[in-house]
Structure formats: structure tokens, C-alpha cells
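Enquirer: First, the structure itself, so that you have it in front of you.
Residue numbers (UniProt numbering): 1 to 316.
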């Protein structure tokens, strides 16, 4: 009898009823979640239906289902193209350059903010560092072009005033990655400190009090108390950043791109834009974009597994 009761209690129909009761009991919470769920279904999962054109010779007049199936022809065309390795190198080099410079700076800045005790000074510096985040990409690109202009650029004038010969920042391919990365660091570093400051707010003050009694300096307390506390947050953020390593936003690159720096500025996302929207090669551009997404997923899963095995801090 006990076995039969257990089987009945574990049946799918009873589970569905209990799930329905929980949803009905907390319907306000599910209603609150509904807009976010609709957003993801409509703008993220719904468009995935069109991924199949990467395996077809898509003709708009025939539609997705009526277009000819060509398999992996578009992928082979991309892999065998002479610009494949250049695109891959530019994308990876900019992404890792940005990760190496831009990832640790918010951590360092957050640790510094956490040690500042002067309230007005701390708020002023935080406001100044947060402000660039709210500048749009178009305005940011315009500011970069204006500051680095050979004729009227403020930064160029300062370099000349100091007695140095300014480089051709906007046209020299060797400078494009540096201009892109450091302008991004200036825009996003302050905003990136918010999540680390939130993690630092969970540090137990008694740990610092005990460390002070033991004679630990402020630097030692930062390194041995504050930093270990935010390591799980750092790990999660690193995993998320690695999962988007090939997901460089093309807007800023496209706005800073010109025929002279194309050698260093042409990445997968800008190539997809040109192939898909400018040249109307819809199937080919979808195949390139799908390749980009698959590589990102592989990197995300790999880094997550490594983090889980080494530190037990992971996304899942």
C-alpha cells in the first residue's frame, strides 16, 4: 500500500496539479516575469527559426521554406575564403586585448572605492567614472574622431605641445586596437565597478576588526579579506566575458572604421553586416553569424567547466 501511495503521489498528473496550484497561488510573481519572458521569446528565441537559411540558398521571393537546401556550402565558402584567418585574428586579438585591459580595471577601481572614507570625494569620483557609460556609441565615436583628428584633435595638440610626433591614430592599423580598447575602458570601467562594490558590501566587518588587532595593514586586508570575498563574482564575470569573446559589437568598430585601418578593424560582426545588409547575401551572412555564435557557446561551456573543476564557482 505504501508503494502504491508513493507511486500515486509521484505521478505526472499530481505533479502538474501541484505546479498549477503554485502558479495560481503566486500569479502576481509570474505576471511580473511575463514581460521579460515575452521579450526573450519574441526577440531571441523566435528569430532562431530563421537560422535555417544558413543551410539554404535563401531567395526572399521563395521564402525560407521554399528556398533551395545547400547544406554546409556557405560555411565551406567562408572557411576557404582568403579573409577568414584575418577576420578571426582581428576578432580574437581585439577581444583578448579588451579582456586583458578592461576586465581587471573595474576590480581594482572597486577595491579602491571601497577603501575611500571621504564621502563627498568618493561620490564625486564615482559620478565622474560612471558618467561616460551613458554616452551613446555614436557620440563616443564622434568624440574619439574629434580628439584624435590630425588637424583639430585635442590629444594630438597635447602630444605636439610635449614635443613628440603624434601618430596617425585614426588611419594607422597598428593603432586601431589600442584606440578601440582604451576608449572602451574609459567608457565602461566606472560602470563595471558597481557589481564588485555590491559584492564587497557583503564583507563581514568583524574580519577587518580582527585583522587590525593582529596588525594587518590596509593593503594586506584588501588582498586577504576583500579580494577573496569577490572571487566568486570575478569568476562568474570572467565566464560571461569569455562567452562573448567573439561577440564584439560592430557599431563602434564600424563608426571608427575606414579604408586605411580596415586591415586591423575588420572583424566578424562588421563582415556579417556588409555581407548581409549591404551586399544582400542573407544565407552567407547568417552562416558566418551562426559560426560566430557556436564558437561563443563552446568557449562559454569550456570556461564554465574549467571554473567548476578548479574553484567550484560556475554558472551551472
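Glycine residues also receive a C-beta, built at the ideal position from the N, C-alpha and C atoms. Fair warning: this is a prediction, and the values are worked out from it, not measured in the lab.
(1) Are there 16 or more other CB atoms within 10 angstroms of the CB of residue 289, so buried, or fewer, so exposed?
(2) Could you check where the alpha helix (DSSP H) with residue 177 kicks off and where it finishes?
(3) Hey, could you find the ends of the alpha helix (DSSP H) residue 145 is sitting in?
(4) Does chain C have any CB closer than 8 Å to the CB of residue 175?
(5) What does residue 279 pair with, by DSSP beta-bridge criteria?
(6) Please go through the stretch 73-114 and give each complete alpha helix (DSSP H) segment of 4 or more residues, from N-terminal end onward.
(7) With DSSP as the reference, label residue 69 as helix, strand or coil.
(8) What did DSSP end up calling residue 56 once you bin it into helix, strand or coil?
(9) So for residue 315, helix, strand or coil by DSSP?
(10) Is the CB-CB distance between residue 246 and residue 292 below 8 Å?
(11) Apply the 10 Å Cβ neighbour rule to residue 65 and answer buried if 16 or more other Cβ atoms are within range, or exposed otherwise.
(12) Using the beta-carbon count (16 or more within 10 Å), is residue 106 buried or exposed?
(13) How about residue 159 and residue 150: do their beta carbons lie closer than 8 Å?
(14) Quick check on the burial criterion: 16 or more other C-beta atoms within 10 angstroms. Buried or exposed for residue 242?
(15) Would you mind working out which of 111, 284, 163 and 153 sits nearest residue 169, comparing C-alpha positions?
(16) With burial defined as no fewer than 16 other Cβ atoms inside 10 Å of the residue's Cβ, what is the status of residue 284: buried or exposed?
(17) How is residue 248 classed by DSSP in three states: helix, strand or coil?
(18) Taking the straight line between their C-alpha atoms, what separation do you get for residue 281 and residue 44?
(19) Which residue from 114, 86 and 110 puts its Cα closest to that of residue 265?
(20) Distance check for residue 40 and residue 185, CA to CA, integer angstroms please.
Expert: In this structure, then:
(1) It counts as buried.
(2) Start and end: 173-200.
(3) 137-147
(4) Among the chains of the structure shown, chain C does not appear; only one protein chain is present.
(5) Paired residues: none, contrary to the question.
(6) 73-79 and 84-102
(7) strand
(8) strand
(9) coil
(10) For the 8 Å CB-CB criterion, residue 246 and residue 292 form a contact.
(11) Residue 65 should be labelled exposed.
(12) buried
(13) Judged by their CB atoms, residue 159 and residue 150 are not nearer to each other than the 8 Å cut-off.
(14) Under this definition residue 242 is a buried residue.
(15) 153
(16) Buried, by the Cβ-count rule.
(17) coil
(18) 22 Å
(19) 86
(20) Residue 185 and residue 40: Cα-Cα distance of roughly 29 Å.
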